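Residue numbers (this note's numbering): 380 to 819. Working notes for the structure below.
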């Protein structure tokens, strides 16, 4: 815990946005009128949940509530919509004001922010040691996001496993199939991408200029991070990072990847057919399928890996989230609810997959016939079963408290490197920026 304690102290430097105003009054925040005699936010068999996105996370939680209620007739569930940025601010505010009685029973956490919050505000969380959840039924790399010092503090929910989604009609025009992209290296991808571009005029890839999503995915595919096990930045001399930046630059220079200025422009590149593919978390499927005229013209495979880098794989992740149980919860009820639904119900995942595209991290869900169903949009491929196979192979990496600061610093470095600045100088500047943020 030495590292954790040191980082807790350092985390005091993180900004406190909006102070208590961000929490609003109790009605706005969706609280239940304070703690009961047992120190929980609710009485009896009622749970309160904070999460975001009505069509995805909120929908999934409400469906879980319906399933749990089938065997617990007096169970009540109140789901309060709280956007992620607001949720993070509320947690920071409540921790620093020591008003943990305002917490809900359960709240959703972005995976990349989980370690930061548990290390910085351990008083807000309950560990899952008595939950009875079988974590062997989840991919080790996904579980690791919410593990601190060997203790589980979260339950994985939505799947951020990375996919390489490609227009198979464009590939066919250039003489390739989706199988030509399975299990390949980034060098192979670049070579094929140049050929596809020459024959069809279409790049394979696009991304937001100045963003580091692809770099982070490439690094995680090798189990690499921007920090070592002690939480010290490793931006300079990081083999996987240097390899990722090099291939990124080559993709852009060759025209195999195009950069755009905004998220909407990024989505438009493949929805409008400007590019022949995209690499991102599996949640990107929801955007791909908005192009109804492209049904049957897409398929997916695993992502390329770095050549010559130890522990490199063809599997990675971007995004995803996990459920947390607060220190103010009806812990027994909250844990039983999560175990019975998100960690125990194929019915739940069968229900939410077709309606919201919420793909499970819970491996037993993959045995369901729903996951094995061919998807017409993706050339009849059973892509959801394939994604679960990818998920089980995603390497874990260390995020820690200053993940977002490091990620932002690397994004700035990439922009400078692509503009012609010396790579080592730009990476040293990025590391110095993170060191400063950490008070080193």
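Glycine included, C-beta positions come from ideal geometry on N, C-alpha and C. These figures come from a predicted structure and were not determined experimentally.
Status (buried if at least 16 other CB within 10 Å, exposed otherwise) for residue i
i, result
"residue 769", "buried"
"residue 606", "buried"
"residue 578", "exposed"
"residue 528", "exposed"
"residue 816", "buried"
"residue 565", "buried"
"residue 687", "exposed"
"residue 819", "exposed"
"residue 695", "buried"
"residue 461", "buried"
"residue 558", "exposed"
"residue 554", "exposed"
"residue 643", "exposed"
"residue 708", "buried"
"residue 640", "exposed"
"residue 474", "buried"
"residue 468", "buried"
"residue 476", "exposed"
"residue 792", "buried"
"residue 665", "exposed"
"residue 799", "exposed"
"residue 610", "buried"
Best match in the options for proximity to residue i [C-alpha to C-alpha]
i, options, result
"residue 479", "506, 486 and 470", "470"
"residue 821", "519, 792, 485 and 763", "Within the shown structure, residues of the chain are numbered from 380 to 819, placing residue 821 beyond reach of any answer."
"residue 431", "700, 555, 527 and 557", "700"
"residue 533", "511, 553, 608 and 434", "511"
"residue 811", "785, 645, 723 and 427", "785"
"residue 754", "659, 617, 673 and 551", "673"
"residue 626", "775, 442, 612 and 593", "593"
"residue 713", "685, 499 and 504", "504"
"residue 727", "428, 574, 460 and 446", "446"
"residue 584", "682, 746, 778 and 729", "682"
"residue 507", "722, 644, 530 and 498", "530"
"residue 523", "489, 551, 465 and 552", "489"
"residue 787", "776, 808, 475 and 552", "808"
"residue 703", "717, 614 and 556", "717"
"residue 570", "609, 752, 630 and 589", "630"
"residue 515", "610, 664, 792 and 771", "771"
"residue 556", "611, 656 and 428", "656"
"residue 464", "663, 636, 746 and 429", "429"
"residue 448", "800, 715, 798 and 794", "715"
Proximity of residue i and residue j at Cβ, strictly below 9 Å
i, j, result
"residue 599", "residue 773", "yes"
"residue 582", "residue 634", "yes"
"residue 548", "residue 679", "no"
"residue 756", "residue 675", "yes"
"residue 586", "residue 638", "yes"
"residue 525", "residue 486", "no"
"residue 491", "residue 737", "no"
"residue 439", "residue 536", "yes"
"residue 813", "residue 591", "no"
"residue 660", "residue 541", "yes"
"residue 424", "residue 453", "yes"
"residue 722", "residue 513", "yes"
"residue 509", "residue 710", "yes"
"residue 706", "residue 481", "no"
"residue 697", "residue 595", "yes"
"residue 618", "residue 689", "yes"
"residue 608", "residue 777", "yes"
"residue 597", "residue 622", "yes"
Whole-angstrom C-beta distance between residue j and residue i, which should lie under 8 Å
i, j, result
"residue 603", "residue 576", "At roughly 29 Å, the Cβ-Cβ gap does not stay under 8 Å, so residue 603 and residue 576 are not in contact."
"residue 568", "residue 742", "That belief does not hold up - the Cβ atoms of residue 568 and residue 742 are roughly 28 Å apart, past 8 Å."
"residue 670", "residue 650", "5 Å"
"residue 426", "residue 484", "4 Å"
Same chain only: Cβ atoms within 6 Å of residue i, ignoring 5 sequence neighbours per side
i, result
"residue 450", "none"
"residue 444", "456"
"residue 691", "601, 684 and 685"
"residue 520", "773, 774 and 775"
"residue 783", "none"
"residue 648", "585 and 654"
"residue 725", "744 and 747"
Beta-carbon contacts of residue i that lie in its chain and below 7 Å, excluding the five residues immediately before and after
i, result
"residue 796", "624, 628, 802 and 805"
"residue 766", "538, 540, 542, 661 and 738"
"residue 751", "761 and 764"
"residue 437", "430, 458 and 460"
Beta-carbon contacts of residue i that lie in its chain and below 8 Å, excluding the five residues immediately before and after
i, result
"residue 677", "544, 545, 546, 547, 667, 756, 757 and 758"
"residue 442", "727, 730 and 731"
"residue 733", "749"
Contact with chain C by residue i, beta-carbon distance below 9 Å
i, result
"residue 800", "Looking at the structure shown, chain C is missing, and only one protein chain is on hand."
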